[in-house]
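Numbered by full-length UniProt numbering, the letters in the sequence shown go through residues 1 to 340 in order.
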Amino acid sequence: MALVRQRRQLPHLTLPLDHFALRPPPAPAPTVAASTSSEAAGLRLSDFERISLLGQGNGGTVYKARHRRAAAQPPVALKLFVAGDPSAAREAEILRLAADAPHVVRLHAVVPSSSPAAGAEQPPPAALALELLPGGSLAGLLRRLGRSMGERPIAAVARQALLGLDALHALRVVHRDLKPSNLLLGSHGEVKIADFGAGKVLRRRLDPCASYVGTAAYMSPERFDPEAYSGDYDPYAADVWSLGLAILELYLGHFPLLPAGQRPDWAALMCAICFGDAPEAPAAASEEFRDFVARCLEKKAGQRASVAELLEHPFIAERDAEEAKRALAALVAEAELGDL
């Protein structure tokens, strides 16, 4: 219990299971083409009309918005940061680096916090104009459906998220905060990874990055308690654990490590993640799904499946990808009808 008390004092953890959702396009002027910060020179927050609130969390506030001089263009997800938040520049850097990565939310423009003087260093971002996906987040989809998801649409989520992770890891980017609220949905079954405020670009392949950023509930054992798991650390494997936990949550309809409805606290999470058995899919699930989840949620990072191995797993590889996407799109449409 001394260990538990010590961990309770550590900062930068967000315990809530939900975060916020993001979605579609504009940039500086009447065009909504993707832009760099230099192309967006002169862009200001006042250039955007905020249409509605999409979500709010420790990382900032996200609005559905449109550029006032490009009103005919699709709206964007305008993510506003707290002044001086270092995650703003980090997220912008990662999204620029991953501009061509599949299944990653697109950055359309960076809105600086002030206009720099000529020759001065670029100021930190006040906001990011991001791609707006109409289906919201997977966390939101679960809430609107009021039930768990079947294996077919879950396979569509897993496959696309893995393809996104594969591209990110090839760029030496780790997300460090994968969860249902950071996986966004299009209306045709598309899935994109969002919210890179806790992400990191590794300068070397095995740079240490076990800091306590991200949502504690979805941290892998080696990130939650690095002292106990020292010597068995792979930063990419931590993303696999988080994705596996999110996938199991979609199947169960609630966070897998605690009873339905129980809010997480530090002690309960430490006991469940570090000292408890790895969560398993129920016996009613298919053998392929049960094994897929088990490969993701291996407690020892060195024995956890890699992204490449999971993409070849029968749960993914032996399933019609387009059929799975259609099943996911049908759930998105059903949830939208329920909101009418």
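We put the beta carbon where it would ideally sit given N, CA and C, even for glycine. All values reported here derive from a predicted model rather than from experimental measurement.
Could you work out which residue in the options is closest to residue i when comparing CA atoms only?
i: residue 180; options: 126, 134, 244; result: 244
i: residue 233; options: 258, 51, 298, 54; result: 298
i: residue 313; options: 290, 332, 322, 302; result: 290
i: residue 236; options: 175, 152, 72, 129; result: 175
i: residue 280; options: 252, 271, 143, 91; result: 252
i: residue 77; options: 45, 333, 203; result: 45
i: residue 333; options: 136, 61, 43; result: 136
i: residue 47; options: 82, 286, 109; result: 109
i: residue 101; options: 324, 168, 300; result: 168
i: residue 286; options: 61, 86, 150; result: 150
i: residue 215; options: 337, 320, 90, 264; result: 264
i: residue 278; options: 288, 303, 90; result: 303
i: residue 56; options: 276, 319, 159, 182; result: 182
i: residue 147; options: 323, 266, 255, 267; result: 255
i: residue 320; options: 157, 68, 221, 300; result: 157
Assuming residue i and residue j are in contact, meaning their beta carbons sit under 8 Å apart, how far apart are those beta carbons, in whole angstroms?
i: residue 111; j: residue 127; result: 4 Å
i: residue 195; j: residue 59; result: 7 Å
i: residue 130; j: residue 107; result: 6 Å
i: residue 173; j: residue 201; result: 6 Å
i: residue 79; j: residue 189; result: Rounded, the Cβ-Cβ distance is 24 Å, inconsistent with contact.
i: residue 305; j: residue 220; result: Not quite, the Cβ-Cβ distance comes to about 13 Å (not below 8 Å), so this is no contact.
Do residue i and residue j have their CB atoms nearer than 8 Å?
i: residue 162; j: residue 307; result: yes
i: residue 274; j: residue 240; result: no
i: residue 97; j: residue 184; result: no
i: residue 178; j: residue 242; result: yes
i: residue 217; j: residue 138; result: no
i: residue 133; j: residue 186; result: yes
i: residue 155; j: residue 316; result: yes
i: residue 342; j: residue 238; result: With the chain covering only 1 through 340, there is no way to say anything about residue 342.
i: residue 94; j: residue 261; result: no
i: residue 43; j: residue 331; result: no
i: residue 248; j: residue 272; result: no
i: residue 75; j: residue 64; result: yes
i: residue 328; j: residue 153; result: yes
i: residue 141; j: residue 335; result: yes
i: residue 66; j: residue 49; result: yes
i: residue 318; j: residue 197; result: no
*What are the uninterrupted segments assigned as beta strand (DSSP E) that are 3 or more residues long and contained completely in the segment 176-208, given in chain order?*
183-185, 191-193
_Report the start-end ranges of each alpha helix (DSSP H) in the segment 96-178 that is 4 residues or longer and not cut off at the edges._
138-145, 151-170
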